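Participant: Take the sequence shown: its letter number 107 is residue 107 in the working numbering, and every next letter is one higher.
For each residue, glycine too, the CB sits at the ideal point set by N, CA and C.
Since this is a predicted model, take the numbers as computed values, not measurements.
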Amino acid sequence: SRCSALYWIDVPRIDVPQVALIEAFGDLDAILAGAPDSDAVPKRARAAIAACDGEALRRDRRLVMLREDVPLPPLAFDPFAWDNVLAMADRFEFTTFRRRAEALMRDDGLK
């Protein structure tokens, strides 16, 4: 069983609340290492976690992780300028977002 959703602690057949696993073990690696042998984790949950492919879970985690060590190029525009916010809302057809942004601009006396 691959159990790739374990990284999000949403594995079928495990009745242990996600928060309890995170609080007890800290992170995915600690859950994979300690939960199968822990008496604090229900037997069915221990068996399901032990059956998971830990390497696949770690690979999946790396695929969705945002890297913080990559430098970003400078932006050619100010993403927080109201004109740019409204242009982005128009481009992606975010009509509700645009209405809210315009309301904020009116409240700030900018429009």
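Rounded C-beta distance between L28 and L57? I'm assuming under 8 Å.
Facilitator: 6 Å
Participant: Less than 8 Å separating the beta-carbons of R44 and P36?
Facilitator: no
Participant: Look at A101 and A89 and say whether their C-beta atoms are less than 8 Å apart.
Facilitator: yes
Participant: CA-CA distance, N84 and R98?
Facilitator: 11 Å
Participant: DSSP on S4, reduced to helix/strand/coil?
Facilitator: Residue placement at S4 is poorly supported in this model, since its pLDDT is 40, which falls under 50; the coordinates still yield a value, given next. Of the three classes helix, strand and coil, the one that applies to S4 here is helix, per DSSP.
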